[in-house]
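With the numbering used here, letter number 329 in the sequence shown gets 331, and the count goes up by one each step, no holes. Quick reminder that beta carbons are idealized off the backbone N, C-alpha and C, glycines included. Remarks on the structure that follows.
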Amino acid sequence: MQKQIGRVHHEVAKEPTEFISTGSTDAGAVAFLNDIFRRAARESISDLHFEDTDTECIIRFRRNGELVEVARQSAQMSREFDKQFRVKCKKSLVERLTPQDGKFRFDVDGRFVDVRVSILPIGVGQSIVCRLLDQQATLMTLDELQMPENIRSTIRTVVSQPQGLFLVTGPTGSGKTTTLYGILQHLNTPKVKIITAEDPIEYRISGIVQSQTNERLTFASALKSMLRQDPDIILVGEIRDSETARIATQAALTGHIVLSTLHTNSAAVSLTRMLDLGVDQNALAASVGGFMAQRLVRCLCPHCKVATPVTPYAVGQMQSQNLSDDEISAVDILYEPNRNGCEHCTKGWSGRTPVFELIIPTPEARQAIEEGNLKALIRAAEAQRQYQTLAQHAMRMALDGSTSLNEVMSVTGSGFFIE
Numbered sequence: 003m004q005k006q007i008g009r010v011h012h013e014v015a016k017e018p019t020e021f022i023s024t025g026s027t028d029a030g031a032v033a034f035l036n037d038i039f040r041r042a043a044r045e046s047i048s049d050l051h052f053e054d055t056d057t058e059c060i061i062r063f064r065r066n067g068e069l070v071e072v073a074r075q076s077a078q079m080s081r082e083f084d085k086q087f088r089v090k091c092k093k094s095l096v097e098r099l100t101p102q103d104g105k106f107r108f109d110v111d112g113r114f115v116d117v118r119v120s121i122l123p124i125g126v127g128q129s130i131v132c133r134l135l136d137q138q139a140t141l142m143t144l145d146e147l148q149m150p151e152n153i154r155s156t157i158r159t160v161v162s163q164p165q166g167l168f169l170v171t172g173p174t175g176s177g178k179t180t181t182l183y184g185i186l187q188h189l190n191t192p193k194v195k196i197i198t199a200e201d202p203i204e205y206r207i208s209g210i211v212q213s214q215t216n217e218r219l220t221f222a223s224a225l226k227s228m229l230r231q232d233p234d235i236i237l238v239g240e241i242r243d244s245e246t247a248r249i250a251t252q253a254a255l256t257g258h259i260v261l262s263t264l265h266t267n268s269a270a271v272s273l274t275r276m277l278d279l280g281v282d283q284n285a286l287a288a289s290v291g292g293f294m295a296q297r298l299v300r301c302l303c304p305h306c307k308v309a310t311p312v313t314p315y316a317v318g319q320m321q322s323q324n325l326s327d328d329e330i331s332a333v334d335i336l337y338e339p340n341r342n343g344c345e346h347c348t349k350g351w352s353g354r355t356p357v358f359e360l361i362i363p364t365p366e367a368r369q370a371i372e373e374g375n376l377k378a379l380i381r382a383a384e385a386q387r388q389y390q391t392l393a394q395h396a397m398r399m400a401l402d403g404s405t406s407l408n409e410v411m412s413v414t415g416s417g418f419f420i421e
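Below you can see the structure in the form of C-alpha cells.
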C-alpha cells in the first residue's frame with residue numbers, strides 16, 4: 003500500500019518557500035531563480051547546473067540523464083545567484099575558497115521540492131549543482147517500480163526472510179534510492195520497526211524512523227546506535243568505508259534485514275568491493291541476501307521512433323553478450339530515435355527505465371562468496387532463473403523496440419559506441 007510522504011509543516015512555515023528579493027539589485031536574479039526552479043520541477047528535471055565561465059553563467063538541466071543548456075546569464079547575475087543560494091542554505095557569504103553543501107525547500111503547484119546544493123569554487127567563479135528531490139513525483143512502491151516480474155518476485159522473497167544484507171549497486175543517478183524506497187514501502191507495516199541512516203533524507207515516509215548523517219553522525223556511528231533501537235529493518239544510505247561494511251554485515255547476521263548501496267559496476271563485483279572493505283568472507287557468505295546492480299536506459303518515443311534493419315554489426319554486439327541465436331533471429335529490425343522528435347518527446351526520447359542484474363545466495367553462490375571467488379560467483383549466478391547481466395537486459399529492450407542499440411552500449415559499457 004502506498005505510504006503517505008510525511009511533511010514537516012512547522013519547518014516549512016519557518017522558512018520562505020521561494021527566493022526573496024531584498025532590493026532592486028537582486029530582483030532580476032530572484033525572479034529568474036524562482037522561475038527556473040519551478041520550470042525544472044514541472045519538467046521532472048533531476049539536477050540544475052550553474053557554471054561560471056570568464057564572461058557568463060551557463061545554466062543546464064539534467065533531463066533523462068543528459069545535460070541540456072537552457073539559459074545563459076551575465077557574470078553579475080551569477081554573483082547574485084551565488085549569494086541567493088548561500089543565503090537560502092545558511093552558508094557563509096565570505097568563505098569562497100572551500101566547497102559548501104546545503105539544502106533548502108521550495109514549493110511548486112502546491113507540492114514541496116527539496117533541493118540539495120553543492121557549491122564548488124573553480125578558477126573563474128563557482129560551479130553550483132542543485133539536486134531536486136520532488137516529494138511527490140518520484141517515490142514509488144515496489145509494485146509500481148518498472149522491473150521484470152521475476153526480479154520483483156525475487157526481491158519480495160529476499161526481503162521476506164528474517165535477516166539478510168541486500169545491496170543495490172550502480173553509479174550516481176542510476177535509481178538506487180528509488181528502488182530502496184520502493185522496498186521500504188513494501189516492508190513498512192505497524193508490526194515492524196524500520197530505521198534509516200541517510201545522507202541526506204531524500205523522501206520522508208510516514209511510519210519509518212529516518213536519521214540524517216552529518217560530521218558527527220557518520221554512517222558507522224549511526225548504524226551502531228540504530229542496533230540499540232530494537233529495529234527489524236535497517237537502511238544505510240551507502241556503504242563507504244570498512245567500519246560501516248563490517249557493522250552492516252554483522253547486523254544482517256544477528257536477525258536484521260539490512261538494505262544499502264555500493265558503487266560498483268555489476269552485481270557480482272559487490273563481492274570484490276566488500277572484501278576490499280575488509281569484510282570477512284565467511285560472515286559475508288552467511289549474511290548476504292542478494293546483490294543487485296541497476297542502470298537507467300532512455301526509452302524511445304513510441305510515436306516517432308525510426309526503424310532500421312538489423313546489421314551484422316548489431317548481431318555481433320548481441321552475440322557478444324551471449325543472447326541466443328533464436329532471440330536474435332526473431333527480430334529483423336531495430337529502432338533509433340528520431341532526432342527531430344515530435345510533440346510527445348524530446349529528440350526522440352521519452353523517459354527512462356531501469357535495467358537490472360540480480361544475484362541471490364544459492365548454495366553455490368554462498369560457497370563462491372566464502373571462497374572469495376568472483377568467477378565462481380558469476381557461474382553460480384548464470385544458473386539462477388532471474389539472472390541476466392545489465393547488458394543482456396538492456397539488449398533485450400533493444401530487441402523489443404524499447405530503446406536503441408547505441409543507448410544500450412552507451413549505458414552498460416558493452417561493445418563499442420556507434421553513431
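Taking C-beta atoms as the reference points, Ala393 and Leu379 fail to come closer than 7 Å. A straight line joining the alpha-carbon of Ala77 with that of Pro18 spans about 26 Å. Per DSSP, reduced to three states, the secondary structure at Arg44 is helical. For Arg113 and Arg44, the gap between their C-alpha atoms comes out near 11 Å. Taking a contact to require three or more Cβ pairs closer than 8 Å, the region 254 to 261 and the region 150 to 167 qualify as touching. In terms of CA proximity to Thr405, Thr310 leads the group Leu264, Gln231, Gln390, Thr310. Taking 8 Å as the upper bound for CB-CB distance, Leu219 and Ile185 are not in contact here, some 23 Å apart. A Cβ-Cβ contact shorter than 7 Å links Ile235 with Leu189.
In this chain, Lys93 is not harboured by any alpha helix (DSSP H), its DSSP state being neither H nor E. For His51, the three-state secondary structure derived from DSSP is strand.
Secondary structure of Thr180 (DSSP, three-state): helix. In its chain, beyond the 5 residues on either side, Ala222, Leu225, Lys226 have a beta carbon closer than 7 Å to the beta carbon of Ile249. For Tyr315, the uninterrupted alpha helix (DSSP H) run begins and ends at 314 to 322, by DSSP.
In terms of Cβ geometry, Val131 and Asp37 do not form a close pair [threshold 7 Å].
Contact check for Ser213 against Ala254 fails: the beta carbons are separated by 7 Å or more.
Secondary structure of Glu204 (DSSP, three-state): coil.
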